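Here the protein sequences come in this chain order: A and B. Once you know that position 223 of the first sequence is 223 in my numbering, the rest is easy, because the numbers rise by one and skip nothing. Remember, my numbering sits 1000 above the position in the second sequence when you count from 1. Heads up, the beta-carbon is just placed ideally off N, CA and C, and yes, glycines get one too. Here the structure is a predicted model, which is why all the values come from computation and not from measurement. Read the structure below first, then the notes.
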Amino acid sequence: MNWNWFYRMGSPKWFYYTTSRWLPWLGVMTLCLLVTGLVWGLAFAPEDAKQGNSFRIIYLHVPASLLALAGYFLMAAAGAIGLIWRMKLSFMVMKCAAPLGAVLTFLALFTGAIWGKPTWGSYWVWDARVTSMLILLFLYLGVLALQYAFQSQEVGNKASAILALIGTVNIPIIYKSVDWWFTLHQPSTIKFTEAPSMHPDMFQPLLVMILGFYCFYALALFMSVRVEILHRERKTAWVRDLVSQVAEERVGVNS
Amino acid sequence: MLINRRRGDVASPLIFFIIAATLIPLGVSPDPSVLSMIAPGIIWVMALLATLLSADRLFDADYNDGSLEQLLISSQLLVMPVLGKIAAHWLTTGLPLTLVSPLLGLLFSLPSEGYTAMMAGLAIGTGCLSLLAALGAALTVSLQKGGLLLTLIVMPLYIPVIIFGSATAQYSIDGLAWDVPLAILAAMLTIAIALCPIAIAGILRLTTIN
């Protein structure tokens, strides 16, 4: 099998130039999907029989939670690739995925709290899933803090990659134990009726929103990785050429 | 023997364990019925904090005087000395905490059925805590102010241990089969003993040499 594509992917320069072709498309797609999903979900989807209009926050809550989880695995996978094949690019992806994931996790918790008040009667409930999400936020913060703690970038990269991997091993254990703890402690006063029996009219905008959030995630990740590339590769010839080219264009426009 | 050189290191987690636990009745309520309800959880939280308190000194002295680097470049496998360090950490924190815990149980009017289960759970669970703390200590050993960071890193990993640890005591108080959570704790310890030293050896190689 030809592995060239794999190694080429590890080149920051290749990544930078390829994504600059993708960015406009991705931006347009994100915008279209998010606007369609939001308008459809917030204005046109039917009202929930029990929860009224308050259920509409699902269109932010569910995509954010999904991506917070997927983002952790993406971060850990990028870290593993970096450790195994020693790719510069994958460490950059890992570093940029951490704050993005932490923000999404926070967003998921925050929207969950807002949603919890009218439906469960309180902002915070020690529910198995809510607790797991909170722990996920802590794991993200640990990776972030470790990344910035080291003087040497290389050690910071590798140490936080190892931590992300340890976290991945632990996530199923933590999830299972929290689940078990929940069934042990919690009196079943709260019933969170889940979504499988969702009406298609409500589900379709949700699907659009999830796709939109995926596009947004890719867009945000690409943009921050590009900044990171420029910063880390600032001493290489191609970045210098690029910068001076842009500077010349600016001067040309101004004069 | 090595620990003998710094006796304070053994005493301070223990004293912390007892003093911090004394604050709970003062802060919450001295009512025995309330205290006995929260006793297993409180004792476990205190044990967890006490092991964290002593964790950042696990590899500290060896890192500072260079003997850690000597271990790294020696032809010997790094896993065994690492396991030895962790065993020493457990013997000086986990084991004393386990032995002192009945005293705290008394202070918190823990129901008498709970003692055996609590001690068994603590003995096994603090082993897990020491292993996980060593992971964090290895990651932060080369940092000047690693203590707080270590707490942030290790805390989420402690969650399964504290859940099953306090469940062991709670189960025996409620008259349920407490060997079930205890067995799960033991399983976690087995996995941690197998995997943690290897990971720690790798991490030490990374954080000390660079």
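Straight across, the Cα-Cα distance linking B/L1122 with A/H199 is about 50 Å. For B/A1177, the closest Cβ of chain A is not nearer than 8 Å. Listed along chain B, the residues sitting closer than 8 Å to A/I173 by beta-carbon distance are P1160, M1188.
Cβ-Cβ separation between A/L33 and A/C215: approximately 6 Å, consistent with a contact (criterion under 8 Å). Rounded to whole angstroms, the gap between the alpha carbons of A/T30 and A/G212 is 5 Å.
A direct Cα-Cα distance of roughly 11 Å separates A/L23 from A/L221. By the rule that beta-carbons nearer than 8 Å mark a contact, B/F1108 does not touch chain A. Distances from the CA of A/F182 to each of A/L139, A/V125, A/Y140 were compared; the closest alpha carbon is that of A/V125. A/A145 belongs to the set of residues whose beta carbon lies under 8 Å from a beta carbon in chain B. The beta-carbon distance between B/L1195 and B/L1072, rounded to whole angstroms, is 20 Å. This is too long to meet the 8 Å contact definition. Within the stretch 1128-1160 of chain B, the residues whose Cβ lies closer than 8 Å to any Cβ of chain A are, in chain order, L1135, L1139, T1140, S1142, L1143, G1146, L1149, L1152, I1153, M1155, P1156, L1157, I1159, P1160. The C-alpha of B/L1182 lies about 9 Å from the C-alpha of B/G1125.
Judged by beta-carbon spacing, B/T1093 lies beyond the 8 Å limit of B/T1140, meaning their Cβ atoms are not closer than that value. Judged by DSSP secondary structure, A/W126 falls outside any alpha helix (DSSP H); it is assigned neither H nor E. For the options A/G79, A/G37, A/D48, A/F73, the alpha carbon positioned closest to that of A/Y59 is the one of A/G37.
Spatial neighbours of B/T1207 in its own chain (CB-CB distance under 6 Å, excluding positions within 5 residues in sequence) are listed in chain order as V1141, S1142.
Taking 8 Å as the cut-off, the Cβ atoms of A/G156 and A/K88 do not count as close. The residues A1117, A1177, W1178, V1180, P1181, in chain order, have a CB closer than 8 Å to that of B/Y1171 in the same chain once the five nearest residues on each side in sequence are set aside. Counting only Cβ-Cβ distances below 7 Å, A/L104 has no contacts in chain B at all, with the closest Cβ about 17 Å away. In the DSSP assignment, B/D1174 falls outside any alpha helix (DSSP H), carrying neither H nor E. Secondary structure of A/D48 (DSSP, three-state): strand.
B/G1027 is classed as exposed because its beta carbon has fewer than 16 other beta carbons within 10 Å across all chains shown. DSSP, read as helix, strand or coil, puts A/K88 in helix.
Identification of residues in the stretch 109-140 of chain A having a C-beta nearer than 7 Å to some C-beta of chain B yields I135, F138, L139, given in sequence order.
For the 8 Å CB-CB criterion, B/A1199 and A/I171 do not form a contact. Between the stretch 1097-1106 of chain B and the stretch 1037-1055 of chain B, the count of C-beta pairs closer than 8 Å reaches three or more; the two stretches touch. When 7 Å is used as the limit between beta carbons, B/F1164 is near these residues of chain A: S177, in chain order. For A/E249, the secondary structure class from DSSP, reduced to helix, strand or coil, is helix. Between B/F1164 and A/S177, the beta carbon gap of about 7 Å places them in contact (Cβ cut-off 8 Å).
With contacts defined by Cβ atoms closer than 8 Å, A/M75 and A/A164 form a contacting pair. Restricted to the stretch 1015-1085 of chain B, the alpha helix (DSSP H) segments that are unbroken, complete and at least 4 residues in length are 1032-1055, 1060-1064, 1067-1073, listed in chain order. At the C-beta level, A/A161 and A/F91 come within 8 Å of one another.
A distance below 6 Å between beta-carbons, with the five flanking residues on each side excluded, links A/F55 to the following residues of its chain, in chain order: D48.
Within chain B, no residue has its beta carbon less than 8 Å from that of A/G101; the closest one is some 14 Å off.
DSSP places A/W115 in the helix class (H, G or I) of the three-state scheme. Counting only residues of its own chain and dropping the five nearest sequence neighbours on each side, A/V62 has a CB closer than 8 Å to the CB of A195, L206, M209, I210.
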